[in-house]
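In the numbering used here, the protein residues as written are 10 to 103.
Before any comments, here is the structure.
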Amino acid sequence: MKKVMALAALATALVFSSGVQARGSSFGGHSSSHSTYSSSSRSDHTISGYTRGGTYVRPSHATNPDATRNNNYSTKGNVNPYTGKLGTKSRDSK
């Protein structure tokens with residue numbers, strides 16, 4: 010368990026030290042319009058909360074669609090900056 014925690018901490022530190030930083034969350038109903046990136050385009054978007062089959066689904070974040078899955082939060086080697094979870098899905102062969 011200690012190895013998993015250490016690996017997660019290391020992966021998170023690597024993500025933040027390479028210039029990738031989490032932006033404001035909209036989970037509390039507030040969304041930050043300020044970005045830590047120098048570019049005005051964002052690489053992700055917020056998915057609004059909704060009700061499905063009588064169950065409320067909370068808002069979430071997803072990377073913008075493109076030709077590769079290597080930059081998705083769920084891909085191995087990546088860390089979701091909003092949840093801290095490590096990616097588990099295989100990478101593209103590109």
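Even for Gly, the Cβ is constructed at its ideal location relative to N, Cα and C.
Length of the line joining the Cα atoms of residue i and residue j
i	j	result
Arg100	Lys94	16 Å
Arg61	Pro68	13 Å
Asp53	Val88	14 Å
Ser40	Ser102	Any reading at Ser40 must be qualified, since the residue scores a pLDDT of 42, below 50, and its modelled position is unreliable; no value is offered.
Lys85	Tyr91	16 Å
Pro74	Arg51	12 Å
Three-state secondary structure assigned by DSSP to residue i
i	result
Ala76	coil
Lys85	coil
Tyr91	coil
Ser69	strand
8 Å Cβ cutoff met for residue i and residue j
i	j	result
Asp72	Asn80	According to the sequence displayed, residue 72 carries Thr and not Asp. In this structure, Asn80 lies closer than 8 Å to Thr72 by Cβ.
Ser83	Thr97	yes
Close Cβ partners of residue i (< 8 Å) along its chain, the five nearest in sequence each way excluded
i	result
Ile56	Pro68, Ser69, His70, Ala71
Gly58	Tyr65, Val66, Arg67, Pro68
Opening and closing residue of the beta strand (DSSP E) in which residue i lies
i	result
Asp53	53-56
Arg61	59-61
Residues near residue i in its chain [Cβ-Cβ closer than 7 Å; skip 5 each side]
i	result
Ala76	none
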